[in-house]
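What follows is a single structure, written as structure tokens, with notes after it.
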Amino acid sequence: IIYHHNILGLGDYRMRWRLLRLPPMMPIDQHRRVSGFAVFRIYSMRRRFAEMFSNKFRVERVEALGPDLACLEWLMECGCTQVTMSDDTRIGSISEMRKYIKRFGYDVFDLPEFDDNRIKELKKEYFSSKLSSESDMAHDKRWSNAPRTYIVKVDASDSAVADPGFAYFRECRQLDTLKLNFCDYFGDEAIRELALGRPARTLTDLEIVLNPAVTDGAIYWLTKLKALRRLHFYFLPYVSNRQGMLRQLRLALPRCRVTFPREDKIGYGYE
């Protein structure tokens with residue numbers, strides 16, 4: 001077994017993402033067997049690494065930058081493929097993200113700091129159900145200091161997004177499309193964050209392909225995403241009842257086209 005060992009520069013977010021996306025080991029001897037327990041432990045370690053670094057939710061960033069720019073920063077630090085903003089700007093790297101945020105007068109390396117008590121207050125307010133259910137007018141008033149630019153489309157395929165980071169989506173004003181293909185580190189809790197936030201009213205297109213953590217338990221939260229018009233799943237090994245999930249989602253979301261084909265071919269499972 002050859003282990004990847006090029007972990008220099010872990011202070012750089014992009015390098016951290018690359019480390020997370022590398023396969024944990026590369027087999028040389030095809031006759032050698034690796035126990036499922038060992039593979040699970042390696043996966044768990046990499047997931048914990050993702051949660052501790054790139055996916056740590058920092059409410060002070062949201063307060064300083066506004067919900068959408070803070071979410072954009074998180075997505076790029078996790079290696080997100082592309083984010084499309086409401087002004088049609090498409091961002092696909094950390095450097096592009098920093099330049100874009102700088103256009104609005106912010107330096108991501110020099111943002112206001114808050115004491116512990118203020119951070120606790122901000123978290124309590126941010127995670128209140130009342131805040132996420134407010135009208136667009138009330139949202140604009142709450143985030144009056146934030147630039148009027150919003151995340152519209154996210155392709156986070158093959159990124160290191162994990163459950164804790166999905167809290168950044170809660171107050172995104174008009175998130176419409178979200179692709180989460182080949183993302184290993186998020187599960188049902190991430191879907192819960194979407195359902196408890198504004199995306200429950202704005203998200204129309206959600207796609208999840210090849211995820212080892214989403215289970216049948218996600219159904220409850222998926223049915224809360226009432227704006228959905230397209231919902232596509234493929235190769236979710238921990239969903240035990242594919243047909244049952246399809247049936248429940250189609251009943252709960254009658255205006256949404258739900259697809260979840262059998263795993264009979266390589267790719268995204270598009271019909």
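Letter by letter, the sequence shown follows residues 1 to 271 of UniProt numbering. Positions of the beta carbon are idealized from the N, C-alpha and C atoms, including for glycine. Bear in mind that the values here come from a model prediction, so they are computed numbers and not experimental data.
(request) May I ask you to list the residues that DSSP assigns as paired with Ile-219? (result) Bridge partners of Ile-219 according to DSSP: none are assigned.
(request) Evaluate contact between the segment 178-197 and the segment 154-162, counting only Cβ atoms and requiring at least three cross-stretch pairs below 8 Å. (result) yes
(request) For Val-258, write down the residues that DSSP places opposite it in a beta bridge. (result) Paired residue(s): Leu-231.
(request) Mind the definition here: the segment 188-197 touches the segment 164-179 only if three or more C-beta pairs lie below 8 Å; say whether that holds. (result) yes
(message) Give me the residue from Cys-172, Lys-179, Ala-138, Pro-147 with the minimum Cα distance to Gly-156.
(response) Residue identity differs from the one stated: residue 156 is Ala in this sequence, not Gly. The shortest Cα separation from Ala-156 among Cys-172, Lys-179, Ala-138, Pro-147 belongs to Lys-179.
(message) If distances are taken between C-alpha atoms only, which option among Val-239, Ser-95, Glu-134 comes closest to Glu-263?
(response) Per the Cα distances, Val-239.
(request) Tell whether a beta-carbon distance below 9 Å holds between Glu-193 and Arg-230. (result) no
(request) Leaving aside the five residues before and after residue 272 along the sequence, list all residues of the same chain whose C-beta is less than 6 Å from its C-beta, in chain order. (result) Outside the displayed range of the chain (1 to 271) lies residue 272, so it cannot be described from this structure.
(message) Quick check on Leu-69: does DSSP put it in helix, strand or coil?
(response) helix
(request) Excluding the 5 residues preceding and the 5 following Glu-113 in the sequence, name in chain order all residues of the same chain whose CB lies nearer than 8 Å to its CB. (result) Glu-60
(message) I'd like the span of the alpha helix (DSSP H) that includes Gln-82, first residue to last.
(response) From DSSP, Gln-82 is part of no alpha helix (DSSP H) but of the beta strand (DSSP E) over 82-85.
(request) Along the beta strand (DSSP E) that carries Leu-203, what are the first and last residues, could you check? (result) For Leu-203, no beta strand (DSSP E) encloses it, and the DSSP letter there is neither H nor E.
(message) I need the straight-line Cα distance from Lys-224 to Arg-173, nearest angstrom please.
(response) 17 Å
(message) Applying the 10 Å Cβ sphere with the 16-neighbour rule, what's the burial state of Gly-244?
(response) exposed
(request) Rank Pro-261, Arg-103, Val-83, Glu-63 by C-alpha distance to the C-alpha of Lys-124 and give the top, closest one. (result) Of the candidates Pro-261, Arg-103, Val-83, Glu-63, the one whose C-alpha sits nearest the C-alpha of Lys-124 is Glu-63.
(request) Note down, in chain order, each residue of its chain lying with its Cβ closer than 7 Å to the Cβ of Leu-228, except the 5 sequence neighbours on either side. (result) Leu-203, Thr-204, Leu-206, Leu-253, Cys-256
(request) Sort out for me which residues DSSP pairs Thr-177 with in a bridge. (result) Lys-153, Asp-205
(request) Taking the CB atoms as reference points, tell me whether Asp-68 and Thr-177 lie closer together than 9 Å. (result) no
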